[in-house]
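Undergrad: Next up is a structure, given as C-alpha cells.
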C-alpha cells in the first residue's frame, strides 16, 4: 500500500484497551486507510524493526499514550509507546523531504495530561478520548479531516453507527460458527482488520 | 506468545453477508452523545429518530418494527456491543 494511505498505529496490547483498539482500527479502515500495527509481542528486536518499517512506510500515525502509566504503584511507567512516538517525530523532523509530509495524532485519556509530563510534545496534535469508543472515533475522523483536505470524510456518527452494526455481525457470526466469546475477544488485530475490510466493502456497496 | 489466526476468506464472507440484508430485518438502538439514543435501520448510517432515554427509544422502535415488519431490535452499549435484543412478533 502507498505511503499516502498507510497509518502507523502505536498503541497498547492490554486487554482493557480492546474496547478502544477495535473502533480505532475500524475507523481507519472505514476511511479507506491502511492500518500498520505490530503483532509481534515475543521478540522486542523483531518488534522494533517492524515498527521502524511502519514509520518509514506511513504518512499518518496515531499514538495512544493513554496506557503509558505504571502497572503497579512505585513502578516506572511503560516507555515503549512514548519511545516509538519519538522515533516517528524524529523521522518527520530529520528524514528526507518525503517524511516532512508526515502527520501525527497523539491520543490520551484526559485532556492536557501529557502536556504536564512531556511539555516538549506541545505543538503536536493531541486529543483526549475519555476511554469512550464513540469519542475516539470522532477525534480520529476529525483529525484526518483537518490534516487531509484531498477528500470528503463521512460524519463521525455515521462511522460509529456502522461500527456498532459490524460489532453485532462479527460477534454473532463467529459465535454461530463455534467460536467462544474469549476467542473472539482475543482475536488478533490482523484478523480484526481483515474482517472489517470484508464487511465495510459490502456495507458501502450500493 | 503467538495467537492463532482465526480469519478465513469464508468466515470473512459470512460476516460481511450480514452487512446488507435483503429487506429491512432489524433496527439498532445506539447510544449517541451527549446522552441520547438513536434508532437506526439495519444497513443505514442515518438515525430515523433520537431520544433522551433508552426506554423511550425502545418503546418507539417496537412500534416502528411491528409496522415495518422488522424481526429484531438490537440495543447497543457504550462500547458498541450488544446490551440487549428483542424479537418482534
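Chains as they are written, first to last, in this note's numbering: chain W, 225 to 430; chain Y, 779 to 867. Virtual Cβ for every residue (Gly too), placed ideally from N, Cα, C.
Counting only the same chain and skipping the five closest in sequence on each side, list residues whose C-beta sits under 8 Å from that of residue 312 of chain W.
TA: Contacts found: 232, 234, 279, 285, 287, 326, 328.
Undergrad: Under a three-way DSSP split, which group does residue 377 of chain W fall into?
TA: Three-state DSSP puts residue 377 of chain W in coil, outside helix and strand.
Undergrad: Determine the burial state of residue 300 of chain W: buried for a count of at least 16 other Cβ atoms within 10 Å of its Cβ, exposed for fewer.
TA: Under this definition residue 300 of chain W is an exposed residue.
Undergrad: Would you grab the beta carbon distance between residue 289 of chain W and residue 332 of chain W for me? Rounded to a whole angstrom, and I think it's under 8 Å.
TA: Sure, about 5 Å apart at Cβ, within 8 Å.
Undergrad: With distances taken Cα to Cα, identify the nearest neighbour of residue 830 of chain Y among Y:858, Y:809, Y:789.
TA: Nearest of Y:858, Y:809, Y:789 to residue 830 of chain Y, Cα basis: Y:809.
Undergrad: Going by DSSP in three states, residue 356 of chain W sits in which element: helix, strand or coil?
TA: Coil at residue 356 of chain W, not helix or strand.
Undergrad: Taking a Cβ distance cut-off of 8 Å, strictly less, list which residues of the segment 312 to 338 of chain W are near chain Y, in chain order.
TA: If the cut-off is 8 Å between Cβ atoms, the segment 312 to 338 of chain W has nothing near chain Y.
Undergrad: Let me know the secondary structure DSSP gives residue 421 of chain W once reduced to three states.
TA: Correct three-state label for residue 421 of chain W: helix.
Undergrad: With DSSP run on the structure shown, which of helix, strand or coil describes residue 807 of chain Y?
TA: It is a strand residue.
Undergrad: In this structure, how does DSSP classify residue 389 of chain W when only helix, strand and coil are distinguished?
TA: It is helical.
Undergrad: Tell me whether the beta-carbon of residue 364 of chain W lies closer than 8 Å to the beta-carbon of residue 251 of chain W.
TA: Yes; because the gap between Cβ atoms is below 8 Å, this pair is in contact.
Undergrad: Would the segment 384 to 400 of chain W and the segment 788 to 802 of chain Y be scored as touching if the rule is three or more Cβ pairs under 8 Å?
TA: At 8 Å Cβ cutoff, the stretches touch.
Undergrad: Figure out for me which residue from Y:816, Y:855, Y:820 has the closest Cα to the Cα of residue 427 of chain W.
TA: Of the listed residues, the one whose Cα sits closest to residue 427 of chain W is Y:820.
Undergrad: Keeping to the same chain, check which residues put their C-beta closer than 7 Å to that of residue 247 of chain W; ignore five residues upstream and five downstream.
TA: Around residue 247 of chain W: 357, 360, 361, 387.
Undergrad: Under DSSP, the beta strand (DSSP E) around residue 819 of chain Y begins and ends at which residues?
TA: Element bounds for residue 819 of chain Y: 814 to 819.
Undergrad: Is the beta carbon of residue 258 of chain W sitting closer than 8 Å to the one on residue 304 of chain W?
TA: Not closer than 8 Å, so no.
Undergrad: With 8 Å as the threshold, decide whether the Cβ of residue 843 of chain Y is near any Cβ in chain W.
TA: Not an interface residue.
Undergrad: Which residues of chain W have a Cβ atom closer than 8 Å to the Cβ of residue 839 of chain Y, listed in chain order?
TA: Within 8 Å Cβ-Cβ: nothing; residue 839 of chain Y doesn't reach chain W, min ~14 Å.
Undergrad: Using 10 angstroms around the beta-carbon of residue 839 of chain Y, count the other beta-carbons present and answer buried if the total reaches 16, otherwise exposed.
TA: Buried, because 16 or more other Cβ atoms sit within 10 Å of the Cβ of residue 839 of chain Y.
Undergrad: Got a sec: is the Cβ-Cβ distance from residue 810 of chain Y to anything in chain W below 8 Å?
TA: Yes - at least one Cβ of chain W is within 8 Å of the one on residue 810 of chain Y.
Undergrad: Relative to the C-alpha of residue 417 of chain W, which residue among W:366, W:245, W:237 is closest?
TA: Comparing Cα-Cα distances from residue 417 of chain W to each of W:366, W:245, W:237, the minimum goes to W:245.
Undergrad: Am I right that residue 852 of chain Y and residue 806 of chain Y are in contact with their C-beta atoms under 8 Å? What's the rounded C-beta distance?
TA: At roughly 5 Å, the Cβ-Cβ gap stays under 8 Å, so residue 852 of chain Y and residue 806 of chain Y are in contact.
Undergrad: Does residue 413 of chain W pass the burial test, meaning 16 or more other C-beta atoms within 10 Å, or should it be called exposed?
TA: Buried, since its Cβ has 16 or more Cβ neighbours within 10 Å.
Undergrad: With DSSP as the reference, please indicate the residues paired to residue 854 of chain Y in a beta bridge.
TA: The partner list for residue 854 of chain Y (beta bridge, DSSP) reads Y:860.
Undergrad: Just by C-beta distance, which residues in the segment 374 to 400 of chain W are closer than 9 Å to chain Y?
TA: Hits within the stretch, in order: 378, 379, 381, 382, 383, 384, 385, 386, 387, 388, 389, 390, 391, 392, 393, 394, 395, 396, 397, 398, 400.
Undergrad: Could you tell me whether the Cβ atoms of residue 228 of chain W and residue 291 of chain W are closer together than 8 Å?
TA: No.
Undergrad: Report the three-state DSSP secondary structure of residue 261 of chain W (helix, strand or coil).
TA: It is coil, neither helix nor strand.
Undergrad: In the DSSP assignment, what residue or residues form a beta bridge with residue 285 of chain W?
TA: Residue 285 of chain W pairs with W:232, W:328.
Undergrad: Quick one: give me the first and last residue of the beta strand (DSSP E) that residue 829 of chain Y is part of.
TA: From DSSP, the beta strand (DSSP E) with residue 829 of chain Y extends over 827 to 829.
Undergrad: When DSSP builds the beta bridges, which residues end up paired with residue 349 of chain W?
TA: For residue 349 of chain W, which the question treats as bridged, DSSP gives the partners W:329.
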